[in-house]
Structure formats: structure tokens, C-alpha cells
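Protein chains in written order, with our numbering: chain G, 1 to 188; chain A, 189 to 664. Glycine residues also receive a C-beta, built at the ideal position from the N, C-alpha and C atoms. If you're wondering where the values come from, they're calculated on a predicted model, not measured in any experiment.
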């Protein structure tokens, strides 16, 4: 992590390229009330677009559909936003599992997804998006787990096994080398 | 959590003596040359990044670099030759420049273009020059324009006996008829006079037909006892080009150099001057910059002909460094950073004599590869001995790469002293666990012809025959 990294122009371009479905909306009007936000979430759920961004004054939020159910997340400068209901549960799950994961070498049921390339590790398609996967998630072979940026290209790294992600071994935004362990997955 | 790309405590460098030309350089190579570049960087206060394949995890270039990045599995096509991986390693570590060493990506024009597109300085010449010199026909045409003598030969294929007679008359006997699909000496005939030409020409064609299914042949002048003489040149981006004298590399087997020396034992000062001036003219003609080598074949009569240009640092650069006192790798780094050559032609003086023996992990007399683990290792020292190597006790020589274990270089006030030092260096060299070519070098150092300097590029073949007939001696 201490390795310094050159500022890549693509880092700034990437989010825009990575979410063609987004519809940022800007308004100068006053912040919305809770009821209005609820209505918006319901609206986004019905409409065919994937993401909804809203910015007004120092308030900003984004609604993104992740899979079948619309999920909402709390980004920067939006302390009033509700957290995704699943999050506390996932943390609770991750905590006890993290302990055995520190010495998983002997466990044949733990599979390590390694990096096929050198580059910079990103857990999500853009800085504010939900990570592709988090501890507690069940993943399938071929499912995208993360992105590794190399030579200005975003390379999606797929799972090679089915199982439960029990630990993310690399911090978001740090360089990884060939063969470096990225995720610990309990096969099953 | 955290990255496996480590920065070592040693990265906190002492204040450099001069302003370093770069802050951080990635070395896209392995083995002794990767280490050689790291040593130059250390002296200049430049941070280093090593890249390595899984087979080289414990290699010294990885250990002595400030940062290290694993870039792939053992096969070089997936690691050291993998351009995206090398570039990504430079990007994640913030290296400003890449030194390619020799081999691997060092003469890959496409790689240089990718470096440029990514804002990384390639330590070597421009992609245009590399491309021009890498294409044999284009290189020859360029050299001809610059007035560099080329090997006289037919302009393309020779299709009839009549045509062959005319061409042979033009280029002068003896000539050699060669199969254009050829190799390994088949479809090849040496012709000494017009009387024997028709038969030999037809023989070559039918042999080529049988061996390669293609009977097209071309003709070249046949050199009597040719010597391989090459000239080290260096140029900057301001059009300054100088030579660092010649190297004699005639001791070779199947075009692989075994022993190199500088200066050549047989070049008279006037001929040396002529060859070196020709090399500078050739380099200037292509607008060459950074380190390069122009190879010539020199015949018995003192005629020399352009063979090829190598657009990189050579394996045998140390012999030139020892006799000129110029650090070629450090100069490469300065030139790549846009600095002017730090010396002029009149500052380059060849002093003394240097010989290099390439010690390979091979059976010394059968040349079969001998990879494996080094169980005991001692390198010679003492006055005038330099060892360029990346070997260490318990090092494993992987089967994936070349077989060079070390370059043993002896320097003396004259050739006699250099040979004497090489002998005692070979006598005090210990490499156990694998076979090496050291015993072969020791035999060569005792050979009267080698000592007299009377050898050509064909000498090694006759020497090996002689060894077969008389295997006695001292094959340690």
C-alpha cells in the first residue's frame, strides 16, 4: 500500500464510461424530505434505468439498482441517508469468519482468487458504486468480483469457483501483482 | 491487507552525489543484466523496480531492487515478454523509465511505442531506429547509403549457371552459393574458380531441393578466416556520436559468443581507426542515440563488411568498460534522460586489455544444458577480476531462460596479463551442483593459437574437434 501510484487520467474518466445507464440530475431547489426520497426510490425501481443521481446544495445521493431489488447507498456528504439494511448483517457475518481466514492455508475448502495481471485493484466499477462483492456474498463461476486497472484498461476479474466470499484480501485502490491473492472464497 | 508490491527499508537512500537523471527506473529483465542496471541505479541514487516471473521469486535482482512486482508465470512469453504486465508494473510503482537490458523486449519497437504512449521513457533508441536496424534488408540499404561496406553478393536469387558466373566475377572468388531456404550448411558450396562453378552451383541447388524442397540459391563473397569485430558506439539526442573502440568476439560456437575481448589482438591502429570511424558514420546516418553495437566481419586482407547493428546494451559490454573506464549503463541512463554525452571522442582511450568468459550452465564439452541447484559457490577476486552474475549459494537455475551463470572478466595491463589473470580466476572459481563451461574456457586459455591471437569465427569448430581427438588435459 505504501507503493506510490501515478495519477491516472483514466481513473477520472472511468466512472463515466462505466455507467452509461446513469442519469445524473441536478437541481438548485431545496433538499428533499424523507417522503419524497421514498417516492423517488419507488420510482427508480419501476423505471428501466439502472442508476439515479441527485444533487442539491450540499446534499447528494444516488440510487442504483443492483440485481433484482433496488438498493440505495449513502455516499459523500449525505449523513442523513439511510444505510442499506443488509449492511450491518453482512458485517456481523464477516467478523467471526475473518478470524479463521487469517490462517486459511490449511483449509482445503477455502479457495483463493488470485490476480491474473499486474494493476490497481478496485472493488467496484467506479469510486461510488457498490462493490461487486463483499464478505458474505455467494458467488458463481464467471461472476465479476473486482476490477483491475492496467494500462488505462479496466479488466473485470471473474470468480473461478462457486462459494461464499469470506474475506477481501486487498484494500481498494492498491496495486496488486501477478498471482496475488484477492479474495478468500469458501467453496460450496 | 495491503499489497505484495513491497518497498524495502533500503529504499531510503543516502543523498546522491549528483542529481540522478531519473527518480525511479523499472528493469524489464532478469539475471545478471538486471542486477547490472540496479547497480548503476544505486550508484546514481535512482530507485529501482524489479519485475520477475514466479520462477525468479528468490532471484538477486528481486532482492536488491527497492520494489518488486511479480508479472507472471515462468514462461517468458507470459512474464518478461508480456508488454501489458511490464507497463502495468511501471504504472503501479510510478517508475518513470524502463531499462530493457538485452534480449526480451530490448529490441522490440512496438514495446518502445507502448512506453511512449504511456508516458514512460524507454532507455534505448527510438522505435524507428530499432525497426530500421531489425529489418535485415532495410538495415543493409541504410548502411549502403551511409557508405558502409556490405558483404558483396548477388542481388537476390541466382537462377542460372551463366548468371552465377557473371555474379562471381563481379564479387570476386572465392564465393559461396547458399540455399535461400537454407540452414545448417546444407545447400551450401564454396567455389574457388570459374572452372568448378557449374558443378558446384548445380550441386547446391539439388541439395537445397532435397533438403528444403526449394532449390533457389543466392551468392555471397566467401570470407577466408573471418573475424567478428564489433564497435561499441554511444550517441545522445543532440546528434553527438562517439565510439568506445572495438571488441573481438570471434570465439563463438553456432553464432553464440563464448569469449570476447577488447581491444582485438590483431587490429593495427590504422585499421582500428577505419573500422571505428565507419561505425560512427553508420550510427550518425540513422540518427542513432543511446548505446549500440555495429558488428562487422573482417577478413584476412583487412576488408571488413557490415553484418548487423544491435540497438541495445550487449552482454559483453564490460570488456569495453574496463579498457575505457566508461560506465556504459550509467551513460545510457543519462542519455535517456535527455542529457548530453558526458565525454567526447578524444576522451575515450583504450588502456590495457580485457577478456570476458561466458560461464554457462552447460556440459563444458557436449554443451547440453545443465539446469539445477548450485550447492557451492565461490567467485574469484583479486586484482583485475570482475564478475557479473546474479548467482548465489542455493540458487536454482530455472530451465525457462538462457543458461548464462556468470560473466568472468579479467583485466590486465596487456593481453598476456589479462590471460594470466583469467587463468587463475578460472582456477579459483567454484560452482558445484551443476555443470558449467568453465573447464572449456580454462582449456582455451592454454591454447597456443588463442594465446597468439590467431583465430577466426571458425576456430572453435576445429578446437572442439581437437578436444574430441585428444580429450586428455585438464577437464575439471
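- Annotation: residue 321/A is outside any beta strand (DSSP E); the continuous alpha helix (DSSP H) that includes it extends over 315 to 322.
- What residue 626/A touches in chain G, judged by beta-carbon distance under 7 Å, is nothing: the nearest beta carbon there is about 35 Å away.
- With respect to chain A, the C-beta atom of residue 165/G has no partner C-beta closer than 8 Å.
- Residue-level contact check: residue 151/G touches chain A, since one or more beta carbons of chain A fall below 8 Å from its beta carbon.
- With distances taken between CA atoms, residue 537/A lies nearest to 457/A out of 572/A, 447/A, 457/A, 562/A.
- For residue 246/A, the three-state secondary structure derived from DSSP is coil.
- Residue 368/A has its alpha-carbon roughly 12 Å from the corresponding atom of residue 399/A.
- Annotation: Cβ neighbours of residue 257/A in chain G (cutoff 7 Å, chain order): 118, 177.
- In this chain, residue 649/A is not harboured by any beta strand (DSSP E); it is covered by the alpha helix (DSSP H) spanning 647 to 657.
- In this structure, DSSP gives residue 306/A a state outside helix and strand, which the three-state scheme calls coil.
- Per DSSP, reduced to three states, the secondary structure at residue 349/A is helical.
- Residue pairing of residue 256/A in beta bridges, as defined by DSSP: 238/A.
- At a Cβ-Cβ threshold of 8 Å, residue 578/A and residue 248/A count as neighbours.
- One thing to note: residue 523/A has its Cβ no nearer than 8 Å to the Cβ of residue 178/G.
- For residue 273/A, the closest of 150/G, 171/G, 174/G by C-alpha to C-alpha distance is 150/G.
- In this structure, residue 176/G sits near residue 119/G, with a CB-CB distance shorter than 8 Å.
- By alpha-carbon distance to residue 641/A, the top candidate from 617/A, 208/A, 602/A is 602/A.
- Residues of the region 248 to 280 of chain A whose Cβ lies closer than 7 Å to any Cβ of chain G, in chain order: 255, 257, 258, 259, 260, 272, 273, 275, 276, 277, 279, 280.
- The way I'd put it, the region 381 to 401 of chain A doesn't touch the region 415 to 424 of chain A; fewer than three beta-carbon pairs between them come closer than 8 Å.
- Residue 622/A carries a coil assignment under DSSP once its states are collapsed to helix, strand and coil.
- As for any alpha helix (DSSP H) of minimum length 4 sitting wholly inside the region 366 to 408 of chain A, the runs are 385 to 400, ordered along the chain.
- Around residue 242/A, the beta-carbon contacts reaching into chain G at under 7 Å are 179.
- Look at residue 518/A here: in three-state DSSP terms it is helix.
- A Cβ of chain G is located within less than 8 Å of the beta carbon of residue 306/A.
- Within 10 angstroms of the beta-carbon of residue 461/A lie fewer than 16 other beta-carbons, which makes it exposed.
- Taking the Cα positions, residue 471/A is about 15 Å away from residue 529/A.
- Around the beta-carbon of residue 381/A, fewer than 16 other beta-carbon atoms lie within 10 Å, marking it exposed.
- In this structure, residue 365/A and residue 379/A form a Cβ contact; the two beta carbons are roughly 6 Å apart against a cut-off of 8 Å.
- Approximately 20 Å separates the beta-carbon atoms of residue 562/A and residue 597/A; this is outside 8 Å, ruling out the contact.
- Runs of the beta strand (DSSP E) lying entirely within the region 486 to 530 of chain A and spanning at least 3 residues, in chain order: 492 to 498.
- Taking a cut-off of 8 Å on C-beta distances, the region 236 to 244 of chain A touches the region 582 to 592 of chain A, as three or more cross pairs fall below it.
- In this structure, DSSP gives residue 212/A an extended state, which the three-state scheme calls strand.
- Between residue 430/A and residue 213/A, the alpha-carbon positions lie close to 25 Å from each other.
- Secondary structure at residue 182/G: strand, using DSSP grouped into helix, strand and coil.
- Only exposed fits residue 354/A, as fewer than 16 other CB atoms lie within 10 angstroms of its CB.
- With at least 16 other beta carbons inside 10 angstroms of its own, residue 630/A counts as buried.
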